[in-house]
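J.:
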């Protein structure tokens with residue numbers, strides 16, 4: 111029975127027009143355009159399709175409440191993530 115479930119789950123459902131909908135590939139990366147410090151929050155916001163100000167607020171509050179642990183996570187992400195110089199308009203909503 112699990113083989114049937116796997117086979118059904120792996121099939122892509124057709125769109126109402128009858129063609130298969132393309133999947134969007136997402137990459138987690140730092141984005142230089144619109145960055146405040148290293149572009150980590152901008153990259154996370156684009157990846158998760160969230161507003162940048164919400165991601166920045168989360169990182170600041172999480173850093174305060176975890177006694178700086180999230181600050182270290184931010185620095186680690188700034189070193190590890192690849193850099194992209196611009197943000198696609200389809201990558202997610204931008205903060206105004």
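In the working numbering, the protein residues as written are 111 to 206.
A virtual CB, placed ideally from N, CA and C, is assigned to each residue, including glycine.
If you're wondering where the values come from, they're calculated on a predicted model, not measured in any experiment.
For residue 138, I'd like the list of residues in its chain whose CB is within less than 8 Å of its CB, leaving aside the five on either flank, ordered along the chain.
T.: Numbered from its first residue, the chain shown carries residue 138 at position 28. For residue 138, where only same-chain residues beyond five positions count, the Cβ hits under 8 Å are 153, 154, 157, 191.
J.: For residue 186, which option in 150, 196, 136, 145 has the closest C-alpha, if you only look at C-alpha atoms?
T.: Within the chain shown, numbered from 1, the residue matching residue 186 stands at position 76. Out of 150, 196, 136, 145, 150 has the C-alpha closest to the C-alpha of residue 186.
J.: Going by C-alpha to C-alpha distance, which of 171, 147, 175 sits closest to residue 189?
T.: In the chain shown, counting from the first residue as 1, residue 189 sits at position 79. Considering only alpha carbons, the answer is 147.
J.: Determine the contact status of residue 174 and residue 140, defining contact as a CB-CB distance below 9 Å.
T.: Translated into the one-based positions of the chain shown, residue 174 becomes position 64. Translated into the one-based positions of the chain shown, residue 140 becomes position 30. Against a cut-off of 9 Å, the Cβ pair of residue 140 and residue 174 comes out as no contact.
J.: Can you give me the C-alpha to C-alpha distance between residue 172 and residue 178, rounded to a whole angstrom?
T.: Counted from its first residue, the chain shown places residue 172 at position 62. Counted from its first residue, the chain shown places residue 178 at position 68. The alpha-carbon atoms of residue 172 and residue 178 are separated by roughly 8 Å.
J.: So, at 7 Å on beta carbons, what are the nonlocal neighbours of residue 165 in its own chain, with the 5 sequence-adjacent residues on each side left out?
T.: In the chain shown, the residue the question calls residue 165 occupies position 55. Excluding sequence neighbours, residue 165 sits near 151, 154, 155.
J.: Below 8 Å CB to CB, which residues in the same chain sit around residue 182 once its five sequence neighbours on both sides are set aside?
T.: In the chain shown, the residue the question calls residue 182 occupies position 72. The answer is none, since no qualifying residue turns up.
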